[in-house]
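Residue numbers (my numbering), protein chains in the order written: chain A, 1 to 180; chain B, 1001 to 1148; chain C, 2001 to 2399; chain D, 3001 to 3597.
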């Protein structure tokens, strides 16, 4: 594993290499080398299995981190390949030619995060959300609670008290810490 | 004092005297708070008196059989004087001692008379005083012997 | 028009990536020509546990194009988890795969435990293992019924679905619920076994064993079943890795992979079992392999009952879950569910909420990329049977 | 096609003779498994309304609603959970987290109504047919969603503590405190019970965040004696902490102490940032104990010029002269007092009202007066021989030690009493190498002293003789010694209620000889500084004030607080009295500011 990581560091400039557990190492690679690196891992290093592909929204840093989880069945090792892209309309290189299921992941990521994968088949087709007209819902700024409160009514007669506030009002209204 | 009525009259008089005593001390007491306590004691004695008047009128029965708890607190305390600057503790001690003495008086008298209605009344009076003593002893236990 | 895989026996087994496969999408056909028919299969049909549609294009009786449509069960679990505490999430995850909630409970809990460095007590590992195998048994029973039903054998469907309820009775006793058990919780499990459970479990295992024998005679040694399933929807070995095929679908063509053996978790390294494999992954082979694995479940449950410690802690020391902050970390944990590799990818940022959870269900590829490819060239009458033979659960696709 | 495959399916007929899977009875009659997660049951009398169920519910299915009959019960919010079955998913986390184990589930699962709005009920309050169901899910033994045991406090070993005045309780480390703070369920029931209504959950939260400056600010909102209370508070809060119902209560006192210990006194000014705008009015405070100093602090913050009159040479009152330094080291008490003084509070030491200055003068010269002179007169046992020179008072012994004087107790000591003063006198005596016997009229379990103090005094080698009633002090052979005659007591239930009463057993009397006998049976107030005429003006009963709203007395300008004005007679109550009087004085002197409220 160390040899491989050294080589990836040298050839692809990967960084942020973290051994999460003996069977899982994650690292970060630049967007431009990502497809080549993943292809090489698949074809030369035995990482033939794409466990999944997903995205983490780091809204505070303005980036999406794409995660490609690759597995080597012979060595029983997994690699988590992280690729950072900008949250704002940045395209990502498609890997639909590497695995049959990749285009589905890419279609989902486009729907849920709004990430574009030029060349990926059927990218524009709805995945889960037929007729969705809001922002891509997996983005952090999409507030599910607010959404559901707008769409669905509240049950009549629901009201809850905080024990502490209730006791203050009922038992010692003029005492305790003064309002700041 | 040989008849029941005479005994009851005596007892009623004793309660009145006690009430007067507390009122007198209250008049002399230096602090308002103490005054109030003593007047409360006086009221308590008048309540006792009322009970005995009711007994005499046949409206209330003494119950010589009842068990009354004896805390024995007053038994071992020193005698105190009802001075002008009497403390709460001392006022309670005086009250306990007074009730104790009354209880003892009626018990002793009851012991000397043969089985009769009179004996029953005396025993009943003794129990009544024991109850009064318990009242003050409980007060003492709660208010004075807080940490003991 | 290119028909990728016909009814042929497969080539010699080889895993690894085959660059020769072509993932190109079929060319669209001219519907206006009147030569073709477009037909929607689903979203309600016996082939699937849950709802999913296949948009089929037919040339006569032959499917020439298949597109999978999902979304009927999308509830946004991954998103919901980002705003719930670590303890609250364990009650949500079970809903991601209705017939097999337990795998979600286990993997979610395991991911949290791994990042937090929580070691669960031995008794909990055994209780979890047994719970997972019971789940596998219940799920396979339901699947057998589905496969039978898809080929018109509703009798078998009724048997297995009814018998599944006995297994659910066991769950109800052990966990307090029939479907959404919410038994495996971060830190361990919620309780030990109730009094008398072992006896009742063994009884039900005996009955299940008998039932499976009957099913083998009635369903598998059956001319009709064989005629319809043999040679149907063959998965050749070279398709396995490029399509991400896992579990019985892969094992049926001889790919000897099973996470319980390859990367043992819980108590699996202490249990006696072998990986079941087949030779030609057609619908029959896959079905027969699943029947064998169902039998294996019964053996594993019995082994758990034999070996698990009946006393001792079943929960690790836990922090106060009301304000539980899991340290920043990242992990991917997986387990062998009835359909193969089921996985939870979790990223935490040190706060009281999980940063990201991605649920990897085998159906994601089995029901879309694989299904779309295998359907082409088949007869419309076989599509339901083919769908069942891939054993897919739509909710785990949509999450 | 082979013949076997053709015939084998006919095996299906064999099943025709087997018992069917289905049951004939309507399925609704099938009971759930014994541990089924069905409809909720709450034992409303056991529930304390902590709201943890509401907190943990991921569906927002639980509201905490007021149920009148429970309001005002000690350690009870008066709220009870109300379930919305339109949202519930029957996960049972509410049952798992329930601090009182009052919440569980029945194995009922059928509730049928045409009206969809009815599935909403307050468990245990609204009458439901499953309330008495014995089956259903409950939390398993050994399963916890928060640690039930507290983080153990490191103490000086008894053999070391007994030979020095070094602080016995070592205090938590930051790491330990974080773990302990983690146990809090943040219900806030303790806030109501704390006499000062300290923001307990908030400052505990600040410990979890490692933000001690925030914690200090939160504490000073309600209590300017955190270093002191973090050590010797009577911690009523802990007695109602719901975590203590099934486990051990959160160590609130030790957590408070940690915050103070983590902040250097020199940073107080910056952190607390108390800015004072003088308002030109003058307040006199009598007594520099916790009540007086608390009033001084909050009055000063409101801009009053505060002068505190203290008869002793140092401030602190009972905290300095009644609490030994192994429980409350002087420099920790000073940390609290120095900060209050640093805000410009003037303390006139060695100034006794009534002697050096007349009470009436204060009334004339100040806009308001706050009195908090506590209970400083030891109660007398009033038994024969009590005036023996070898009979000492507990308060005197403690004051002597605090002042660095030898209390002269000898080597064999009896302590009479079961309160904190008795325990302190006993433990102090142990530190002077005396053999100590504590005589107490009742049982150890009924001692008013702090449980830990009782435990530690025993650890340190004090022998407690319970149910021992002193009846007489008698002279011993040596003048340096004294004998006590005492009798054993039987505990008798008081038919009128109240604690059981000890009754002397006159056939079981004992006489023991000691070098000294320390009496610590209680204290009374000393109100000699108030003239007899003034007494008339105050409503004083049993030597105590019964102040009105905002600690106001019947005298216009005068406010009172502390031990002689409350029934609890502890530091934290005095602190609250002082704080509340400060509010009252401000309302009295500055009514315009309150008009709109």
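Backbone N, C-alpha and C define an ideal beta-carbon position, used for all residues, glycine too.
Integer Cβ distance of residue 1119 of chain B from residue 1113 of chain B, believed to fall under 8 Å: Rounded, the Cβ-Cβ distance is 5 Å, consistent with contact.
Beta-carbon proximity of residue 107 of chain A to residue 122 of chain A, cut-off 8 Å: Yes, Cβ-Cβ distance for residue 107 of chain A and residue 122 of chain A is below 8 Å.
Secondary structure of residue 2119 of chain C, DSSP reduced to three states: coil
Residue 3127 of chain D classed as buried or exposed, judged by whether at least 16 other C-beta atoms fall within 10 angstroms: Around the beta carbon of residue 3127 of chain D, fewer than 16 other beta carbons sit within 10 angstroms, so the residue counts as exposed.
Cutoff 8 Å: residue 3104 of chain D Cβ touching any chain B Cβ: Judged by the 8 Å Cβ criterion, residue 3104 of chain D is not in contact with chain B.
Proximity to residue 2036 of chain C [Cα-Cα], best of C:2389, C:2380 and C:2391: A check of alpha carbon separations from residue 2036 of chain C across C:2389, C:2380 and C:2391 identifies C:2380 as the nearest.
Validate contact between the stretch 3574 to 3585 of chain D and the stretch 3367 to 3376 of chain D using beta carbons, cut 8 Å, 3 pairs: yes
At least 3 beta-carbon pairs within less than 8 Å: the stretch 2343 to 2355 of chain C vs the stretch 2219 to 2226 of chain C: no
Test item: CB-CB of residue 3451 of chain D and residue 3423 of chain D under 8 Å: no
Residue range of the unbroken alpha helix (DSSP H) whose run includes residue 3244 of chain D: 3243 to 3246
Interface positions of the stretch 3128 to 3159 of chain D facing chain C (Cβ-Cβ less than 7 Å), listed along the chain: The stretch 3128 to 3159 of chain D vs chain C, Cβ under 7 Å: 3137, 3140, 3142, 3143, 3144, 3145, 3146 and 3147.
Proximal chain A residues relative to residue 2243 of chain C, where beta-carbon distance stays under 8 Å: 99, 100 and 101
Own chain, CB closer than 6 Å to residue 3236 of chain D, minus 5 neighbours either side, in chain order: Setting aside the 5 residues that flank it on each side, residue 3236 of chain D is surrounded in the same chain by 3193, each with a C-beta closer than 6 Å to its C-beta; the list follows chain order.
Cβ separation of residue 2257 of chain C and residue 2278 of chain C, assumed to be a contact under 8 Å, to the nearest whole Å: Actually they are not in contact, since the Cβ atoms of residue 2257 of chain C and residue 2278 of chain C sit about 13 Å apart, beyond 8 Å.
Distance, residue 2098 of chain C Cα to residue 2397 of chain C Cα: Going from the Cα of residue 2397 of chain C to the Cα of residue 2098 of chain C covers about 12 Å.
Simplified DSSP assignment, three categories, for residue 3126 of chain D: coil
Same chain, Cβ closer than 7 Å to residue 35 of chain A, five either side skipped, listed in chain order: 93 and 95
Cβ shell of residue 3419 of chain D (< 6 Å), same chain only, five flanking positions each side left out: 3448 and 3449
Boundaries of the beta strand (DSSP E) in which residue 3084 of chain D is found, first to last residue: 3079 to 3084
Extent of the continuous alpha helix (DSSP H) run through residue 3510 of chain D: Residue 3510 of chain D -> not in any alpha helix (DSSP H); beta strand (DSSP E) instead, spanning 3501 to 3514.
As assigned by DSSP and simplified to three states, the class of residue 2199 of chain C: In the structure shown, residue 2199 of chain C adopts helical secondary structure according to DSSP, grouped into three states.
Where residue 3068 of chain D falls: helix, strand or coil (DSSP): In the three-state scheme derived from DSSP, where H, G and I count as helix and E and B as strand, residue 3068 of chain D is classed as helix.
CB contact check: residue 2238 of chain C to chain A, cutoff 8 Å: In terms of beta-carbon proximity, residue 2238 of chain C stays away from the interface with chain A, with every pair separated by 8 Å or more.
8 Å Cβ cutoff met for residue 2145 of chain C and residue 2283 of chain C: No, they are not a contact pair.
Chain B contacts made by the stretch 3501 to 3517 of chain D, where a contact means CB separation under 7 Å: Answer set for the stretch 3501 to 3517 of chain D: 3501, 3503 and 3504.
Beta carbon of residue 2270 of chain C nearer than 8 Å to that of residue 3058 of chain D: Contact: no.
Residues that residue 1002 of chain B contacts on chain D, provided the C-beta gap is smaller than 8 Å: Ordered by position in chain D, no residue passes the 8 Å Cβ test against residue 1002 of chain B, which lies about 34 Å from the chain.
CB of residue 2102 of chain C within 8 Å of CB of residue 2181 of chain C, strictly: yes
Rounded C-alpha distance that separates residue 2112 of chain C from residue 2093 of chain C: 13 Å
Spatially closest choice to residue 2226 of chain C from C:2193, C:2214, C:2085 and C:2153, by CA coordinates: C:2153
Counted within 10 angstroms of its Cβ, other Cβ atoms place residue 154 of chain A as buried (16 or more) or exposed: exposed
Sequence-distant residues of the same chain with beta carbon closer than 8 Å to residue 101 of chain A, five excluded per side: 50
Three-state secondary structure (DSSP) of residue 3462 of chain D: coil
With 16 other Cβ atoms within 10 Å as the buried cut-off, status of residue 1132 of chain B: buried
CA nearest to the CA of residue 8 of chain A, picked from A:60, A:30, A:142 and A:126: Comparing Cα-Cα distances from residue 8 of chain A to each of A:60, A:30, A:142 and A:126, the minimum goes to A:30.
Proximity below 8 Å, CB of residue 2232 of chain C to CB of residue 2389 of chain C: Here residue 2232 of chain C is near residue 2389 of chain C, since their CB atoms are less than 8 Å apart.
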